[in-house]
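Structure first, commentary second.
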DNA sequence: GTCTATACTACGATAGAC
DNA sequence: GTCTATCGTAGTATAGAC
């Protein structure tokens, strides 16, 4: 791997584990066994590294969504979508743990973030409309915007919420992500039509089982 | 006002405006026209100031909730409760903009935060049950926990969400808080019984009007 | 591309006079 | 209680050799 890429990978790892605020450029260099000077050859400063990480995040996002374009049923579609979102948030969780602060001191990043957010909101909104048309959900026009917003808040801050709840510092694992997805089920549940109720609850049970599996696996290790 | 209190007030103000991370003890002292030495006479360090601010927050919370104990109807009760919560979050928003980071590097604070959280969750949960018993909402037993959790996430991170959405750096004002409260309405809406629907929508319209007032007032200024 | 060495700065914190 | 003066440290960043 090129040094530049190594720096990005190590930074993500260290930021996630110990918090972006607690990790300096020197830490990153030391962790990789390279000199600070070398790090500064590849990046102008720490903000530059964060911006590069965000580029990687954005690329990931686009690539993952491409693989999702196959026409499957709308319920699976939104679930897979949410799954991807949770996984990406987990992979870059230092970023989301710190979202308002990180964005406020980096206007360029905030602009990029806003643009991607707009697309995601658009996508979620259109997925909900598809579910409406397929008569899986029954959402009134004036409810659509609020529901989209609540879905965004829940996905964006789910891990942050978990981190504030758990007593000792938590390990973010697959079970945490499935638990987040189950909150999405809870949000959508009141809007599910009678006709789709069975499928919906089956899907929910599947994710409950996945969460349980992840939990027991975790204990086994 | 005593110097100690002045330091707390100024710190809250500066932290909210410019972010806790960007404000040093020297900034606080300079802002008050006192010496750094004087500040350090009153507080051992910056973390000590933050802990003192949190004590003020906790006191505020308890006092506000005391004034709420009068038996009013359960719907007004939860709305007033949420109103208080939003206002407190707004008053200490630097804290919530930074929640996971601030808590992870201050275990004592995290412990205090967790304890208060437990009480709030308990309180919200019992309020929802009252609404159930009064047949204003119809929440099944297995839905209660998820709904409580979604309410917590939405209130806790509403302002953080707003800050990430608005293009240029946002002014958090009354309209923002009412908008947050309307998200609470959106969360509860699917669970409202037919019998209580009219009251619920009337209350919602009231808050919509309040938000509009706040918006126009803001433009007038 | 990578290293060593170093300069600079900001911040946290304390000592000691008043 | 408050000030002035100052020290130590940690983090950022660059220069210049290899």
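Chains as they are written, first to last, in our numbering: chain X, 1 to 221; chain P, 222 to 442. We treat Cβ as the ideally placed atom computed from N, Cα and C, and that holds for glycine. Keep in mind the model is a prediction, meaning the values are calculated, not measured.
Below-7 Å beta-carbon distance, residue i vs any chain P residue
{"i": "residue 154 of chain X", "result": "yes"}
{"i": "residue 99 of chain X", "result": "yes"}
{"i": "residue 205 of chain X", "result": "no"}
{"i": "residue 212 of chain X", "result": "no"}
{"i": "residue 233 of chain X", "result": "The structure shown does not extend to residue 233 of chain X, since chain X is modelled only from 1 through 221, so no value can be given for it."}
{"i": "residue 163 of chain X", "result": "yes"}
Residue i versus residue j: straight-line alpha-carbon distance, rounded
{"i": "residue 54 of chain X", "j": "residue 64 of chain X", "result": "15 Å"}
{"i": "residue 152 of chain X", "j": "residue 253 of chain P", "result": "40 Å"}
{"i": "residue 189 of chain X", "j": "residue 433 of chain P", "result": "31 Å"}
{"i": "residue 171 of chain X", "j": "residue 11 of chain X", "result": "18 Å"}
{"i": "residue 395 of chain P", "j": "residue 427 of chain P", "result": "14 Å"}
{"i": "residue 265 of chain P", "j": "residue 56 of chain X", "result": "41 Å"}
{"i": "residue 337 of chain P", "j": "residue 229 of chain P", "result": "21 Å"}
{"i": "residue 88 of chain X", "j": "residue 298 of chain P", "result": "39 Å"}
{"i": "residue 93 of chain X", "j": "residue 99 of chain X", "result": "9 Å"}
{"i": "residue 149 of chain X", "j": "residue 415 of chain P", "result": "25 Å"}
{"i": "residue 431 of chain P", "j": "residue 399 of chain P", "result": "7 Å"}
{"i": "residue 224 of chain P", "j": "residue 52 of chain X", "result": "45 Å"}
{"i": "residue 367 of chain P", "j": "residue 255 of chain P", "result": "49 Å"}
{"i": "residue 133 of chain X", "j": "residue 140 of chain X", "result": "11 Å"}
{"i": "residue 359 of chain P", "j": "residue 186 of chain X", "result": "15 Å"}
{"i": "residue 224 of chain X", "j": "residue 379 of chain P", "result": "Any answer about residue 224 of chain X is impossible in this case: the structure gives chain X only from 1 up to 221."}
Same chain, Cβ closer than 7 Å to residue i, neighbours up to 5 away in sequence not counted
{"i": "residue 424 of chain P", "result": "296 and 300"}
{"i": "residue 82 of chain X", "result": "155, 181 and 184"}
{"i": "residue 113 of chain X", "result": "103"}
{"i": "residue 14 of chain X", "result": "23, 27, 28 and 31"}
{"i": "residue 222 of chain X", "result": "No answer is possible for residue 222 of chain X: the residues shown for chain X start at 1 and end at 221."}
Cutoff 8 Å; reference residue i; Cβ partners in own chain excluding five residues on either side
{"i": "residue 102 of chain X", "result": "20, 50, 95 and 109"}
{"i": "residue 247 of chain P", "result": "257"}
{"i": "residue 46 of chain X", "result": "24 and 25"}
{"i": "residue 38 of chain X", "result": "3 and 29"}
8 Å Cβ cut-off: residues of chain X touching residue i
{"i": "residue 443 of chain P", "result": "Limits of chain P in this structure are 222 at one end and 442 at the other, which puts residue 443 of chain P out of reach."}
{"i": "residue 338 of chain P", "result": "164 and 165"}
CB contact below 7 Å: residue i versus chain X
{"i": "residue 378 of chain P", "result": "yes"}
Contact set between residue i and chain P, taken where Cβ atoms lie within less than 9 Å
{"i": "residue 198 of chain X", "result": "Going along chain P, no residue has its Cβ under 9 Å from residue 198 of chain X, so there is no contact; the nearest lies around 17 Å."}
{"i": "residue 146 of chain X", "result": "403, 404, 406, 407, 408 and 410"}
Proximity test, residue i beta-carbon vs the ligand FAD heavy atom, cut-off 6 Å
{"i": "residue 381 of chain P", "result": "The ligand FAD is not among the ligands present in this structure, which contains no ligands whatsoever."}
Chain-ordered neighbours of residue i on chain X, where CB pairs are closer than 9 Å
{"i": "residue 240 of chain P", "result": "100, 101, 104 and 105"}
{"i": "residue 335 of chain P", "result": "164, 165, 166 and 167"}
Simplified DSSP assignment, three categories, for residue i
{"i": "residue 289 of chain P", "result": "coil"}
Chain-order list of residues whose beta-carbon lies under 6 Å from that of residue i (same chain, five-residue window excluded)
{"i": "residue 417 of chain P", "result": "357"}
Cross-chain neighbours of residue i in chain P, by beta carbon under 8 Å
{"i": "residue 150 of chain X", "result": "371, 375, 404, 407 and 408"}
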